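One structure is given below, encoded as structure tokens.
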Amino acid sequence: MTRTPVMVMIVLASMLLAGCLGTIKNPINDDDEEIMEWISPELLLGNRVRSSPVLNQYDGCAELEEDLRNSLAEEMMVGLDQASYWHWNSWGFRGGFAEDDMLFDGAVAEMAGDVGADSSQAIDGSSPPSSSGSGDREGEYSETNNQEEGVDEADFLKTDGYHIYMINNGQLVILGVPEFGNVTLESNMTLEGSPMQMLVNGNQLVIISYVSYWNLPSDDPVRVAMMADTAEGDSLYSYYRYSNKVKFTVMNITNRSDPQIDRELYLDGSYQTSRLVDGTLRAVTHSYAQLQGLRTYPELPETYWAIDYDDPGRQDVWNASVDEAIAYNLEVIAGLTLADFSPRMHERMADGTVVEQSTVSATCEEFSAAADSVGRGFTTIMTIELFGDMVEYELDHVSSSWVEVYASEDMLILAEPANDWWWYWRNDAFEEATNIHAFDISDGGITTYIGSGRVTGTVNDQFSLSEYNGTIRVATTQDIWGRWWLDGEDWAGPTNDVYVLAPDEQGGDELLQIGHVGGIATGETIWSCRFIGEKGYLVTFRNIDPLWTIDLSDPTDPRVIGELEVPGVSTYIHPLGEDHLLTIGIAGGEDGLGLDWGNTQISLFDVSNFSDPTLASALQLAPIDRNSEDWWSWSWSYSEATYEHKAFTYWAPAELLAIPLSTYRYTYDEVTIDGRKYSYSGYEYVTQLILVKVDAENNTLSKYGTIDHSDFYNGDSGLRESYYYGSPNVRRSIFMGDYVYAFSAEGVTVTNYSTMALSDSVTLPERIDAPSYWGWEDDTIRADEEVSEDGDEGSSSGSAEPSSEPDGD
-12 MTRTPVMVMI VLASMLLAGC LGTIKNPIND DDEEIMEWIS PELLLGNRVR SSPVLNQYDG
48 CAELEEDLRN SLAEEMMVGL DQASYWHWNS WGFRGGFAED DMLFDGAVAE MAGDVGADSS
108 QAIDGSSPPS SSGSGDREGE YSETNNQEEG VDEADFLKTD GYHIYMINNG QLVILGVPEF
168 GNVTLESNMT LEGSPMQMLV NGNQLVIISY VSYWNLPSDD PVRVAMMADT AEGDSLYSYY
228 RYSNKVKFTV MNITNRSDPQ IDRELYLDGS YQTSRLVDGT LRAVTHSYAQ LQGLRTYPEL
288 PETYWAIDYD DPGRQDVWNA SVDEAIAYNL EVIAGLTLAD FSPRMHERMA DGTVVEQSTV
348 SATCEEFSAA ADSVGRGFTT IMTIELFGDM VEYELDHVSS SWVEVYASED MLILAEPAND
408 WWWYWRNDAF EEATNIHAFD ISDGGITTYI GSGRVTGTVN DQFSLSEYNG TIRVATTQDI
468 WGRWWLDGED WAGPTNDVYV LAPDEQGGDE LLQIGHVGGI ATGETIWSCR FIGEKGYLVT
528 FRNIDPLWTI DLSDPTDPRV IGELEVPGVS TYIHPLGEDH LLTIGIAGGE DGLGLDWGNT
588 QISLFDVSNF SDPTLASALQ LAPIDRNSED WWSWSWSYSE ATYEHKAFTY WAPAELLAIP
648 LSTYRYTYDE VTIDGRKYSY SGYEYVTQLI LVKVDAENNT LSKYGTIDHS DFYNGDSGLR
708 ESYYYGSPNV RRSIFMGDYV YAFSAEGVTV TNYSTMALSD SVTLPERIDA PSYWGWEDDT
768 IRADEEVSED GDEGSSSGSA EPSSEPDGD
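By our numbering, the letter at position 150 of the sequence shown is numbered 137, and the numbering carries on one by one without gaps.
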């Protein structure tokens, strides 16, 4: 593997040993006093060079460890350089406190090989899995609104046509559907942590949860396993490496009334998404270790604050403190090992004990990074086989920042920023770029690296990525972050591009750019995108919504064919046959410009003439009549489907679209009864599932009916005394036969959509809040104290603030 590591630590160490702060690039001299507050000392940072995004698989752990330490040293230097900049160019220069905000949670690089640490374990007591949705009901019910056919995306609601599986209120709820139009509660099981999504494969179900350090008892072996020790002076402290673990709970659901847990795996980091293709689940997580002991701000002596702010000697003290911080950090970094950086996995066994599972092989061949990669975070692809009698998994780690994930039946694509946030510091000339990493997933249970490419701009979401006949289409926005610090000549504002990449036919690992069309909608940004076969659709927005049609029939020569400007903006595009698009988004403002954020809009576009798309129909939806006298008293209405495509359910057999809509208000009023005044107050919720008739043949949209869940939240009086701190919204829907099932946190309703009559309903089990263990214990011990024979040396979690919410990494 060919690498060119930045020798930051060696260079800095030699400077410091020479007895001079050669890292200060721009010191302030006595003659500079008048301009002193506009100049800050600059540290000499490493070179910023972009070379290749191609992932190189490591063949030795020592090299990986060295690269990680060098990257961290450069990140540390940027943090201290930022501290100097903000200290000497802000009110803090005059003696105020400069906020210590130098190191943010993030990272960079590229991704994975095909060889990972693997493990397997037999499933006890489970029968061979059957195919999901098999039997005479196949095709008679709607499934998750997935981006690609044959690729199931994880969600909190799933069905196989006979049962419905729902993660709700901290529980797994299994509902039975004995006949279409009925629903029964089969079982509910309290889940550890904060369950988020799941995937179902026949008689197997995998639940993905966040498990927070602060929601585990202090003696829980998983919590203990999350800790690490560090020494500072005479004291030994314990701290958590990651505040969250991603938990994979593999369950046997052969008996839906009594689901059984087969495996409980805990992986360091944060969860991103999962896909299921032909019985193989691939989950993507990101880890960014919390390393203790590094100084992100120089430790200034008390004498510093007594020096006049315009005294040049003040900077001499500052420089000496920075010098000391660099030396201290280099010493800490030199002592770090691969175990300090890499994510760890633990498994809770049947007897409750926790064992560590291998995530790092002897040669580190499951790790990979690009030649110009800098960063200390890892994207992990966890490949889990859910077919046969064994549950086997494989791990691949890529030095990477946070990624967007796309999958077809044959290819998994990761799109990640080419460089981390700190890489751009004092480096304005580079535009943002995105690395595209492709993996072959056509062989069940194996994830194999294909190659990588790089495109200019930032990928908006998964729908800006597509694989078609082996080529990869990517839509990006350049300058999406608005580089306001550049002058007008250097910054022209955002613009948009579509790239086509393909694997190197000569067998190389580079994804070659074979096609490109750019300069689309200058000054605007992409809000939604959809690639459908040989066609592409973009929606951009600044003050009005242009829909762009792009011909991709020749991948080497993509072309913008048509454009249509309409008020508002579409945030999700759904294909409707060959000639129509069905979209959801935000309606335009009163003058046709801007957005009316409280007004959800459904649009039907006729794209039968690809070069001249037209808006066939638009329908604005609101749960409250906007012409009513008290309309002003309600909060903005909102629909989860505007930002989560899984809440958008189109049922082609009935030409019906189901969209959730919600709003609420606080009410206070007085009434007079028998001459006495009484006051009342409370919260009133409106939560609905709106059905829209989509008549593509006649190019019309019309409101068809409403399914109301408000009574689940308002109580008998019609008002709720206190604010509802859950999600008081209809969030998903499933069509089954002639019925539509609506799901919210408190209940499920079944409605015959032909008559709009309620057929059945179920009140769901109450919320189970995760326990919190935020107790602070004095577990600090002196490093020279004798550790007891049982190895109990105490712990302290005082190195970070508690948080019950997932905090990234």
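Quick reminder that beta carbons are idealized off the backbone N, C-alpha and C, glycines included.
Bear in mind that the values here come from a model prediction, so they are computed numbers and not experimental data.
Backbone secondary structure at residue i - three-state DSSP
i: Q44; result: strand
i: Y200; result: helix
i: I368; result: strand
i: W305; result: helix
i: L751; result: coil
i: W621; result: coil
i: V209; result: helix
i: T290; result: helix
i: N239; result: strand
i: A729; result: strand
i: V806; result: With the chain covering only -12 through 796, there is no way to say anything about residue 806.
i: F167; result: coil
Alpha-carbon to alpha-carbon, residue j and residue i
i: A489; j: A356; result: 20 Å
i: G705; j: L751; result: 20 Å
i: G702; j: E671; result: 10 Å
i: T463; j: I513; result: 8 Å
i: P533; j: E552; result: 4 Å
i: C516; j: V237; result: 34 Å
i: E733; j: A639; result: 28 Å
i: A270; j: M332; result: 14 Å
i: S615; j: V198; result: 46 Å
i: I504; j: E497; result: Per the sequence shown, residue 504 should be read as Val rather than Ile. Taking the straight line from one Cα to the other gives about 20 Å.
i: Y45; j: D383; result: 11 Å
i: A293; j: Q302; result: 13 Å
i: N456; j: E391; result: 21 Å
i: N133; j: S261; result: 12 Å
i: L745; j: D147; result: 23 Å
i: S595; j: L568; result: 10 Å
i: L192; j: N239; result: 7 Å
i: P330; j: D541; result: 43 Å
i: F450; j: E577; result: 30 Å
i: P562; j: I519; result: 8 Å
Heavy atom of the ligand SAM within 7 Å of residue i beta-carbon
i: G66; result: The ligand SAM is absent from the structure shown, which contains no ligands of any kind.
Where residue i falls, given that 16 or more other Cβ within 10 Å makes a residue buried
i: Q493; result: exposed
i: H424; result: buried
i: T290; result: exposed
i: V(-7); result: Confidence is the limiting factor: at V(-7) the pLDDT is only 41, short of 50, which leaves the residue's position unreliable, though a coordinate-based value still follows. So V(-7) counts as buried.
i: K232; result: buried
i: P204; result: exposed
i: V342; result: exposed
i: A321; result: exposed
i: A49; result: exposed
i: Y712; result: exposed
i: D338; result: exposed
i: A141; result: buried
i: I459; result: buried
i: I660; result: exposed
i: P404; result: buried
Presumed contact (8 Å Cβ cut-off) between residue i and residue j, rounded CB distance
i: I194; j: L178; result: 6 Å
i: T654; j: S668; result: 6 Å
i: L325; j: E136; result: About 41 Å separates the two Cβ atoms, so there is no contact after all.
i: V442; j: I507; result: Wrong, their Cβ atoms sit about 14 Å apart, outside the cutoff.
i: W389; j: H273; result: 6 Å
i: M176; j: P246; result: 6 Å
i: R413; j: L32; result: 7 Å
i: G549; j: S598; result: 5 Å
i: Y152; j: M185; result: 7 Å
i: K145; j: S196; result: In fact, because the Cβ distance is near 15 Å, the residues do not count as touching under 8 Å.
i: L648; j: Y691; result: Contact flag wrong, Cβ pair sits at about 14 Å.
Within-8 Å CB hit, residue i to chain D
i: G505; result: In the structure shown, chain D does not exist; there is a single protein chain.
Completely contained alpha helix (DSSP H) runs for the stretch 485 to 520, where each covers 4 or more residues: none
Segments of 3+ residues assigned as beta strand (DSSP E) that fall wholly inside the stretch 393 to 421: 398 to 404
Contained beta strand (DSSP E) runs [length at least 3] in the stretch 416 to 457, N- to C-terminal order: 420 to 427, 435 to 443 and 452 to 455
Continuous beta strand (DSSP E) assignments of at least 3 residues falling wholly in the stretch 606 to 684: 636 to 638, 643 to 660 and 663 to 682
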